[in-house]
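Heads up: the structure comes next, in structure tokens.
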């Protein structure tokens, strides 16, 4: 054994987790000493637990067989108990991987929705750009407004022309309303800027003459004045009233035209204000488009970061699963090694028992050996089952790796931030917990004995009970005739 515990290629290699010891009597002056590997230190002391046959009140050579039988039973129980922990860990892994897949699917669905929103935003931006160019609806509306304003100007011009035509037509008649208006209000229509240069007349020369009148001066008779054949005094008031009415109507029309012009001016101001608002809205829309472009850039950066995080998580999961698988395989190999060593020790003990106890009851010894062989075979079978369980575990782990590879492929499409491996961390904690239980004192396979299995636990009690029954059977103190001696011993 001591040739293997230092060999790194051997299953018997001693480590800090699984130390080894052997008995050495090479130094004759010290007797038999216990050698522990790796070498103990002040911080990592060594304590060896073993069965001292000299302390057992029996000199039968079946003691070793009984010890190995009890040890095999303990191995069987511990192996069966740990199998459930491994299954629990693998179930937790599968659950977490399923949840991870669900999270990836949800992220993929959210990405599809986000992509649709981006496409819609791009369409809205394109529509805004279309509405703000020279051929847009805004431009068309402004052109229509300018056209209508031109029509208003044209209406005002036509109104002025019509008014001038009325004035010209009225001025061509002596009795027209315009002429009457000039007569009634000369100050309004007087020409104030008429300038005439005065030329003095020639000094007349008057020859002396004598005029004599033989008759009296004629009397003056005022002429009869009429308006359209009607006496002046009778017709003038009505004509003055007509002129006033005409002037009032003209003023009313002019006021209406002025009101229309004011409304047109107001509408033009409103149009300009709306155009300014449209320009402002276009600027805001462009700012929103720029903001959306910035958000898209940030989303792309977050996507890249999410991809990196998923890739790192997948690498960590692969590494931790490989580590756990290797640890489980190593533990199973050590169990097999312990069983093989137990078989070897058992065979040796059987040979020694046959040589030393030839005179003993052969049938009783055969019965005991048969029971021990049955238990050893059971331990070997359990070890084989452990190989099967480990094979199934490897298959499940392979399936888990395939699922992880699929998740890594799906991660290329992830569009949002993801948690920094919380669920994966839970699965790894479950694996570590299972491994800790597999190694911890009182819950470990105890391949070489731990502090509790052979001190405070029932292990040493069962060994002592099995030894007592074996001694009683060898000494002929067998149970009653209706008791199955084989089962009687196996019960321990």
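Numbering (the numbering used here), first residue to last: 2 to 493.
Idealized CB from N, CA, C, for every residue including glycine.
Cβ-Cβ separation, residue j to residue i (assumed contact under 8 Å), whole Å
i: residue 45; j: residue 17; result: 7 Å
Residue i - partner residues in DSSP beta bridges
i: residue 119; result: DSSP output for residue 119 lists no bridge partner at all.
i: residue 34; result: 25
Residue i and residue j closer than 8 Å at C-beta
i: residue 38; j: residue 87; result: no
i: residue 121; j: residue 265; result: no
i: residue 19; j: residue 3; result: no
Buried versus exposed, by CB contacts within 10 Å (16 or more), residue i
i: residue 291; result: exposed
i: residue 178; result: At residue 178 the pLDDT is 48, less than 50, meaning the model places this residue with poor confidence; the figure from the coordinates comes in the next sentence. Residue 178 is buried by the Cβ-count criterion.
i: residue 498; result: Here the chain comprises residues numbered 2 to 493, so residue 498 is not present and cannot be evaluated.
i: residue 70; result: buried
i: residue 85; result: exposed
i: residue 75; result: buried
i: residue 200; result: exposed
i: residue 302; result: exposed
i: residue 68; result: buried
i: residue 72; result: buried
i: residue 21; result: buried
i: residue 141; result: exposed
i: residue 357; result: Because the pLDDT at residue 357 is just 49, under 50, the model does not fix this residue reliably, and the point stays unresolved.
i: residue 101; result: buried
i: residue 91; result: buried
i: residue 80; result: buried
i: residue 117; result: exposed
i: residue 415; result: The predicted position of residue 415 is uncertain, since its pLDDT is 48 and thus under 50; no value can be drawn from it.
i: residue 66; result: buried
i: residue 176; result: Only weak support is given to the placement of residue 176: the predicted model assigns it a pLDDT of 47, under 50, and the question is left unresolved by the model.
The ligand FMN heavy atom lying under 7 Å from the CB of residue i
i: residue 35; result: Here there are no bound small molecules, and the ligand FMN is not part of this structure.
Beta-carbon contacts of residue i that lie in its chain and below 7 Å, excluding the five residues immediately before and after
i: residue 262; result: 157
i: residue 154; result: none
i: residue 128; result: none
i: residue 161; result: none
i: residue 47; result: 20, 37 and 41
i: residue 11; result: 5
i: residue 8; result: 14
Own chain residues within Cβ distance below 6 Å of residue i, not counting five before or after
i: residue 202; result: none
i: residue 26; result: 33
i: residue 230; result: none
i: residue 13; result: 5 and 6
i: residue 272; result: 146
Close beta carbons around residue i, own chain, < 8 Å, minus the five adjacent residues each side
i: residue 270; result: none
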